Ligand code: SAH
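Numbering (our numbering), first residue to last: 5 to 251.
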């Protein structure tokens with residue numbers, strides 16, 4: 005008996021930003037596993053014929069293990085994440101759990117991509133990620149802050165636009181301010197900064213500011229922060245990064 009595990013990115017918010025493949029994977033699943041707000045995000049696709057397995061914040065390994073165990077037992081399972089499941093999401097945990105099984109017990113696996121917060125936010129801001137850019141999480145729950153800071157310093161010195169995930173929460177109130185200080189050592193004070201909270205969801209909020217003026221208190225755990233590069237300017241209400249000029 006071989007089940008199937010679909011590791012599904014639901015996109016940033018509502019159905020408008022979900023792929024059809026993601027919807028099919030959730031609809032066709034017998035078991036849907038996810039953090040409770042991600043299950044809520046796809047409750048228009050689930051019904052009483054399915055088993056929903058909610059999990060708490062932080063219990064990611066447990067959710068991945070539950071999903072893999074159910075798929076190994078022969079069920080069609082969808083493990084849902086917001087955004088893209090491979091970007092600070094559940095995909096790597098789940099794939100490692102599948103790989104750890106004896107080969108005869110491994111379920112079939114598919115990873116279904118989703119619109120990640122960086123591109124959802126960029127679209128609301130205009131086109132700030134039009135050149136090379138980097139994503140970085142400011143969370144120091146899985147890596148020590150020294151490692152985060154070392155990456156930030158290295159990136160600050162490049163001319164990459166940045167999308168900062170997990171910028172701030174009540175338990176991690178100072179990291180975004182520190183990140184802006186480090187960036188300011190290399191980038192001009194008028195470098196554009198976009199704060200996008202709840203992209204694609206109720207309460208969506210977009211603020212444009214600069215490295216010197218940004219109010220980091222406006223960011224929370226559902227905010228992604230976009231930092232411009234040297235080619236990013238404000239055009240009307242947009243943040244626009246000019247494309248590279250090819251000689
Ligand atoms: N897998 C997700 C990221 C999970 S990490 C993805 O691909 O988008 C959680 C962080 O993602 C949050 O702290 C926030 O920085 C960002 N994020 C996720 N959804 C968001 C949304 N709808 N609007 C703004 N930021 C979001």
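Glycine included, each C-beta is placed from N, C-alpha and C at the ideal position.
Keep in mind the model is a prediction, meaning the values are calculated, not measured.
How many whole angstroms separate the CB atoms of residue i and residue j, which I take to be in contact at a CB cut-off of 8 Å?
i, j, result
"residue 34", "residue 54", "6 Å"
"residue 177", "residue 142", "With a Cβ gap of about 11 Å, residue 177 and residue 142 do not count as contacting."
"residue 75", "residue 118", "19 Å between Cβ atoms; not a contact."
"residue 115", "residue 231", "Contact doesn't hold; Cβ gap of about 28 Å is too wide."
"residue 227", "residue 200", "7 Å"
"residue 82", "residue 30", "5 Å"
Under 7 Å: does the beta carbon of residue i sit that close to some heavy atom of the ligand SAH?
i, result
"residue 202", "yes"
"residue 62", "no"
"residue 219", "no"
"residue 33", "no"
"residue 2", "With the chain covering only 5 through 251, there is no way to say anything about residue 2."
"residue 177", "no"
"residue 228", "yes"
"residue 86", "yes"
"residue 254", "Given that the chain is displayed from residue 5 to residue 251, the structure contains no residue 254 and the question cannot be resolved."
"residue 30", "no"
"residue 198", "no"
"residue 19", "no"
"residue 47", "no"
"residue 171", "yes"
"residue 120", "yes"
"residue 26", "no"
"residue 16", "yes"
"residue 124", "yes"
"residue 42", "no"
"residue 91", "yes"
In terms of alpha-carbon separation, which member of the options lies closest to residue i?
i, options, result
"residue 203", "59, 160, 79 and 225", "225"
"residue 222", "232, 209, 231 and 145", "209"
"residue 190", "43, 158, 174 and 207", "158"
"residue 194", "205, 217, 186 and 206", "217"
"residue 198", "144, 211 and 113", "211"
"residue 94", "147, 41, 78 and 67", "67"
"residue 205", "44, 110 and 188", "44"
"residue 134", "247, 148 and 156", "247"
"residue 46", "77, 60 and 20", "20"
"residue 233", "220, 241 and 131", "131"
"residue 78", "113, 243 and 220", "113"
"residue 3", "98, 162 and 121", "The structure shown does not extend to residue 3, since the chain spans only 5 to 251, so no value can be given for it."
"residue 92", "101, 69, 70 and 64", "64"
"residue 80", "140, 56 and 147", "56"
"residue 69", "49, 96 and 122", "96"
"residue 163", "40, 188, 39 and 173", "188"
"residue 71", "140, 175, 146 and 101", "101"
Q. Counting only runs that start and end within the stretch 39 to 74, where is the beta strand (DSSP E) found for 3 or more residues in a row?
A. 55 to 59
- Task: Determine, using beta-carbon pairs with one atom in the stretch 123 to 139 and one in the stretch 153 to 173, whether at least three such pairs fall under 8 Å.
- Result: yes
Requested in this report: Would you list, in sequence order, the uninterrupted alpha helix (DSSP H) runs of no fewer than 4 residues that lie entirely inside the stretch 70 to 115?
Outcome: 95 to 103
- Query: Using 8 Å as the threshold, is the stretch 8 to 19 in touch with the stretch 87 to 96, meaning 3 or more CB pairs across them?
  - Reply: yes
Exercise for review: For the stretch 179 to 187 and the stretch 95 to 106, state whether three or more C-beta atom pairs, one from each stretch, are separated by less than 8 Å.
Suggested key: no
Which residue spans inside the stretch 112 to 174 form an unbroken alpha helix (DSSP H) run of at least 4? 121 to 129 and 149 to 160
Q | Every unbroken beta strand (DSSP E) inside the stretch 163 to 242 [3 residues or more] | A | 165 to 169, 196 to 201, 209 to 214, 227 to 231 and 236 to 239
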